[in-house]
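Below is one structure; the comments refer to it alone.
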Amino acid sequence: MNKQIPLFKVFMPDGVMEPLKKTLYSGYLTEGAKAAEFTTMVSEYIENPLTVTMNSCTMALNIAYRLSGVGIGDEVITTPLTSVASNVPILSLGAKPIWADVEKETGMVDPKSIEALITEKTKAILVLHKEGDLAKLDEILKIAKKHNLKVIEDGAHALGAEYKGKKVGNTSDFACFSFQAIKQITCADGGALSCKNEDDYWKARKMKWFGADKANKGSGNPWLKDVPDWGYKGDLNDVLATIGIEQMKHVDKIVSKFHENGELFRKTLADIPGLSNIKRESNCYPTYWAYTILVENRDGLIKKLKEEGIDSMQIHPRNDTWSMFSESKRDLPGVDYFDKRELSIPCGWWVTEEDIYRISDIIKKGW
Numbered sequence: 009m010n011k012q013i014p015l016f017k018v019f020m021p022d023g024v025m026e027p028l029k030k031t032l033y034s035g036y037l038t039e040g041a042k043a044a045e046f047t048t049m050v051s052e053y054i055e056n057p058l059t060v061t062m063n064s065c066t067m068a069l070n071i072a073y074r075l076s077g078v079g080i081g082d083e084v085i086t087t088p089l090t091s092v093a094s095n096v097p098i099l100s101l102g103a104k105p106i107w108a109d110v111e112k113e114t115g116m117v118d119p120k121s122i123e124a125l126i127t128e129k130t131k132a133i134l135v136l137h138k139e140g141d142l143a144k145l146d147e148i149l150k151i152a153k154k155h156n157l158k159v160i161e162d163g164a165h166a167l168g169a170e171y172k173g174k175k176v177g178n179t180s181d182f183a184c185f186s187f188q189a190i191k192q193i194t195c196a197d198g199g200a201l202s203c204k205n206e207d208d209y210w211k212a213r214k215m216k217w218f219g220a221d222k223a224n225k226g227s228g229n230p231w232l233k234d235v236p237d238w239g240y241k242g243d244l245n246d247v248l249a250t251i252g253i254e255q256m257k258h259v260d261k262i263v264s265k266f267h268e269n270g271e272l273f274r275k276t277l278a279d280i281p282g283l284s285n286i287k288r289e290s291n292c293y294p295t296y297w298a299y300t301i302l303v304e305n306r307d308g309l310i311k312k313l314k315e316e317g318i319d320s321m322q323i324h325p326r327n328d329t330w331s332m333f334s335e336s337k338r339d340l341p342g343v344d345y346f347d348k349r350e351l352s353i354p355c356g357w358w359v360t361e362e363d364i365y366r367i368s369d370i371i372k373k374g375w
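In this note's numbering, the protein residues as written are 9 to 375.
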């Protein structure tokens, strides 16, 4: 029987059980010392002290949109080739997603498509770093600055990725990260928001907990003070943070393995008829959450890989065709092209060099 290679696999270190047991029986399970410790670890890793952890990347996106001024009747330029979690928060705030087209070679927002979409209602641009590859941030930031717009990076797949020498989380107004079950680092579920300025950072700390700064409440009751703006129940509890702390002890090794596997796939999958590697930004360090290729006869390759015990799929099909986004519908030739060909194959810490050569050899034999 062929070795089964899953597209996703949860990393869980052996050392997690004892700390988790201590937290569970500590008598304190909500956001506390463990959450603070995890936040410090994430902030230091991202190299941005203005980082707030919370219960999901979706919550981080919600708060980033709020801090960007997005509200009823506003517009956000975004991509439909992403998880629906990137775009549902826009609807929840009473705003409208405006679809930017994507580059056929990358599947990410095409900077050339943005400027014509900007109106007086536009508040922000959402940039996805798809599967841990890096979007064209410099070009997008230049457009945003010209029109006084906020840029929000969806870095759910990109913890540890570097854009031209800087870790994701240090370039745009906001960057959002995920610690959901199948990401490089997991808390079972969780997220983080990195900010560019201190004002947004302090607002985010309050916004994740109904509008009060739970982590800095001191000895007094925060509800006896004025709460000037509303927020969410979005804090990260100590149980999840305890898992995250043990995960972060292995983050360099895990992220490096994803990256090394992706770089090897780039070489082994070059010059194959009916398949192309996506084009990647130079001077960047992608994290290859999954390895994405463009394939003619995608269904045929999925079937062949499945027969060999290898999982593959289009992880996030376009979501602009769903009824919830009917008011945003427009022609998107780049999305049409990429959506029909996109396929992701396993690239994580569980994939060995031998596995990569095996997968590549199967693909090279045709499908």
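Note that the Cβ used here is the ideal one computed from N, Cα and C, for glycine as well. All figures in this text were calculated on a predicted structure; none of them were measured in a lab.
Next item on the list: Using 10 angstroms around the beta-carbon of residue 278, count the other beta-carbons present and answer buried if the total reaches 16, otherwise exposed.
Entry: So residue 278 counts as exposed.
Note to self: Quick check on residue 170: does DSSP put it in helix, strand or coil?
What the structure shows: Strand, per DSSP.
Notebook entry, point to check: By a C-beta neighbour count over all protein chains shown, 10 Å radius and 16 as the cutoff for buried, is residue 156 buried or exposed?
Noted result: Exposed: under 16 other Cβ atoms inside 10 Å.
Next item on the list: Could you name the residues of the same chain whose beta carbon sits closer than 7 angstroms to that of residue 248, not counting the 5 residues immediately before and after it, in chain order?
Entry: For residue 248, where only same-chain residues beyond five positions count, the Cβ hits under 7 angstroms are 195, 196, 197 and 198.
Checklist line | CA-to-CA distance, residue 158 to residue 152, given in whole angstroms | finding: Distance between the alpha carbons of residue 152 and residue 158: 7 angstroms.
Notebook entry, point to check: Under 7 angstroms between the Cβ atoms of residue 161 and residue 180?
Noted result: Contact: yes.
Next item on the list: Use the C-beta contact count for residue 256: other C-beta atoms within 10 angstroms, 16 or more gives buried, fewer gives exposed.
Entry: Looking at its Cβ environment, which holds 16 or more other Cβ atoms inside 10 Å, residue 256 is buried.
Margin query: For residue 86, count the other beta carbons within 10 Å of its own beta carbon; 16 or more makes it buried, fewer makes it exposed. Which is it?
Written below: When all chains shown are included, residue 86 counts as buried.
Margin query: Please classify residue 80 as buried or exposed, where buried requires at least 16 other C-beta atoms within 10 Å of its C-beta.
Written below: Counting Cβ neighbours within 10 Å, residue 80 comes out exposed, since fewer than 16 surround it.
Notebook entry, point to check: Between the beta-carbon of residue 163 and the beta-carbon of residue 138, is there less than 7 angstroms?
Noted result: No, Cβ-Cβ distance for residue 163 and residue 138 is not below 7 angstroms.
Notebook entry, point to check: Going straight from the alpha carbon of residue 259 to that of residue 60, what length do you get?
Noted result: Roughly 18 angstroms between the two C-alpha positions.
Next item on the list: Just tell me which of 228, 127, 123 and 211 has its CA closest to the CA of residue 149.
Entry: Minimum Cα distance to residue 149 is reached at 123.
Note to self: For residue 24, which residues in the same chain have their Cβ closer than 7 angstroms to its Cβ, ignoring the five residues on either side in sequence?
What the structure shows: So the list reads 251 and 254, once near-sequence residues are dropped.
Next item on the list: Look up residue 280 in the DSSP assignment and say whether it is helix, strand or coil.
Entry: Note: residue 280 maps to coil in three-state DSSP.
Next item on the list: Quick one: residues in its chain with C-beta nearer than 8 angstroms to the C-beta of residue 27, no 5 flanking neighbours on either side, listed in chain order?
Entry: If we look at residue 27 and ignore the five residues flanking it on each side, its Cβ neighbours are 250, 253 and 254.
Next item on the list: Excluding the 5 residues preceding and the 5 following residue 352 in the sequence, name in chain order all residues of the same chain whose CB lies nearer than 6 angstroms to its CB.
Entry: Result list for residue 352: 298, 300 and 323, in chain order.
Item checked: Straight-line gap, residue 53 to residue 266 (C-alpha atoms, nearest Å) -> Their backbone Cα atoms lie some 17 angstroms apart in a straight line.
Notebook entry, point to check: Taking the beta strand (DSSP E) that residue 159 falls in, what are its first and last residues?
Noted result: Per DSSP, the unbroken beta strand (DSSP E) holding residue 159 starts and ends at 158 to 162.
Notebook entry, point to check: Nearest to residue 128 by CA position, among 106, 143, 118 and 83, is which residue?
Noted result: The shortest Cα separation from residue 128 among 106, 143, 118 and 83 belongs to 83.
Item checked: Beta-ladder partner(s) of residue 184, from DSSP -> Residue 184 is bridged to 162 and 201.
Item checked: Span of the beta strand (DSSP E) around residue 133 -> Segment 130 to 136, the beta strand (DSSP E) holding residue 133.
Margin query: List, from N- to C-terminal side, the alpha helix (DSSP H) runs of 4 residues or more that fit wholly inside the region 9 to 83.
Written below: Runs found: 25 to 32, 41 to 54 and 65 to 75.
Note to self: Let me make sure I understand the geometry here. Which of 76, 34, 95 and 104 has the alpha-carbon closest to that of residue 65?
What the structure shows: Nearest Cα to residue 65 within the set 76, 34, 95 and 104: 95.
Margin query: I need the boundaries of the beta strand (DSSP E) containing residue 345, first residue and last residue.
Written below: Here residue 345 belongs to no beta strand (DSSP E); instead the alpha helix (DSSP H) covers 341 to 349.
Item checked: Outcome for residue 91 when other beta-carbon atoms lying within 10 angstroms are tallied against a minimum of 16 -> Residue 91 should be labelled buried.
Checklist line | Whole-number beta carbon distance between residue 312 and residue 370, since they are thought to touch under 8 angstroms | finding: Right, the Cβ-Cβ distance comes to about 7 angstroms (below 8 angstroms), so this counts as a contact.
Notebook entry, point to check: residue 283 and residue 349: beta carbons closer than 7 angstroms?
Noted result: For residue 283 and residue 349, no; Cβs fall outside 7 angstroms.
Checklist line | Cβ shell of residue 316 (< 6 angstroms), same chain only, five flanking positions each side left out | finding: By the criterion of a C-beta distance shorter than 6 angstroms, residue 316 is surrounded in its chain by 10 and 370, once the five residues flanking it on both sides are discounted.
Checklist line | Cβ contact check for the region 180 to 193 and the region 30 to 41: 3 or more pairs under 8 angstroms | finding: Below 8 angstroms, too few C-beta pairs join the region 180 to 193 and the region 30 to 41 to call them touching: fewer than three.
Check: Could you check where the alpha helix (DSSP H) with residue 145 kicks off and where it finishes?
Finding: Residue 145: member of the alpha helix (DSSP H) spanning 145 to 154, first to last residue.
Next item on the list: Keeping to the same chain, check which residues put their C-beta closer than 7 angstroms to that of residue 270; ignore five residues upstream and five downstream.
Entry: Non-local C-beta neighbours of residue 270 in its own chain, meaning closer than 7 angstroms and more than five positions away in sequence, comprise 294, 296, 299 and 355, ordered along the chain.
Checklist line | Cα-Cα separation, residue 244 to residue 304 | finding: Going by the C-alpha atoms only, they are around 43 angstroms apart.
Next item on the list: Would you identify the three-state DSSP class for residue 259, choosing helix, strand or coil?
Entry: Residue 259: helix per DSSP, three-state reduction.
Checklist line | Distance, residue 213 Cα to residue 309 Cα | finding: Their backbone Cα atoms lie some 46 angstroms apart in a straight line.
Checklist line | Boundaries of the beta strand (DSSP E) in which residue 302 is found, first to last residue | finding: In the DSSP assignment, residue 302 falls within the unbroken beta strand (DSSP E) covering 299 to 303.
Check: Can you tell me where the beta strand (DSSP E) with residue 106 in it begins and where it stops?
Finding: Residues 104 to 107.
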